[in-house]
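Enquirer:
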Amino acid sequence: MNPPLFKTKMSMTNPEFFINLLGIDNIEIINIEQIDDEFFIYVSSIEEHTNCHQCGKKINCFHGSVPEIKLRHLPIFKLKTYIIIKPKRYLCDDHSNKTTTTQKLSWYRERSTVTYDYENHILLSMIAPFKM
Ligand SMILES: [Zn+2]
Numbered sequence: 013m014n015p016p017l018f019k020t021k022m023s024m025t026n027p028e029f030f031i032n033l034l035g036i037d038n039i040e041i042i043n044i045e046q047i048d049d050e051f052f053i054y055v056s057s058i059e060e061h062t063n064c065h066q067c068g069k070k071i072n073c074f075h076g077s078v079p080e081i082k083l084r085h086l087p088i089f090k091l092k093t094y095i096i097i098k099p100k101r102y103l104c105d106d107h108s109n110k111t112t113t114t115q116k117l118s119w120y121r122e123r124s125t126v127t128y129d130y131e132n133h134i135l136l137s138m139i140a141p142f143k144m
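Residue 128 in our numbering sits at position 116 of the sequence shown, and the numbers go up by one each step.
1) Examine the Cβ distances between the region 44-54 and the region 86-94 and report whether three or more of them are shorter than 8 Å.
2) Leaving out five residues on either side along the sequence, give the residues of the same chain with a beta carbon under 8 Å from the beta carbon of Pro27.
3) Quick one: grab the DSSP three-state call for Pro27.
4) Taking all protein chains shown into account, decide if Val55 is buried (16 or more other Cβ within 10 angstroms of its Cβ) or exposed.
5) Under 9 Å, Cβ to Cβ, is there at least one residue of chain D near Trp119?
6) Helix, strand or coil, according to DSSP, for Ser56 in the structure here?
7) Just the Cα atoms here: how many angstroms apart are Met22 and Ile31?
8) Measure how close the beta-carbons of Pro79 and Lys98 come, nearest whole angstrom, since I'm counting them as under 8 Å.
Listed below in structure tokens is the structure:
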């Protein structure tokens with residue numbers, strides 16, 4: 013077991029540092045945990061809208077979050093890294109059934125367990141293993 017590289021207090025004084033390391037836009041960091049050789053980075057989207065899945069309209073009436081999901085991301089300092097997020101939901105009041113849509117973000121595919129960056133990294137390592 014490795015000693016923690018960061019104490020939460022220290023890392024949270026400079027969340028920009030971690031956001032830059034992650035290379036993901038429009039998020040804020042809520043918490044960072046290191047457990048043994050794994051990083052768990054809890055984030056929240058700062059985008060405050062999505063498009064209704066029924067009519068396509070841009071909607072911004074916040075309607076709670078769905079249960080958190082855990083996405084494997086590129087390693088940070090050789091540590092396995094996971095991003096944990098509770099996707100936000102928005103209400104479209106143009107429909108009688110008050111339909112809600114879960115926010116889609118540019119850095120992971122819906123129902124995926126990995127980020128696009130991690131997915132691309134794996135694909136690249138299969139295509140060109142000797143250039144990595
Ligand atoms: Zn709608």
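Cβ coordinates follow ideal geometry from the N, Cα and C atoms, glycine included.
Expert: From the atom records:
1) yes
2) Glu40, Ile41
3) DSSP, read as helix, strand or coil, puts Pro27 in helix.
4) buried
5) In the displayed structure, chain D is absent; only one protein chain is listed.
6) strand
7) Reliability of the predicted coordinates at Met22 is poor, the pLDDT of 45 falling under 50, and no value is obtained from them.
8) 7 Å
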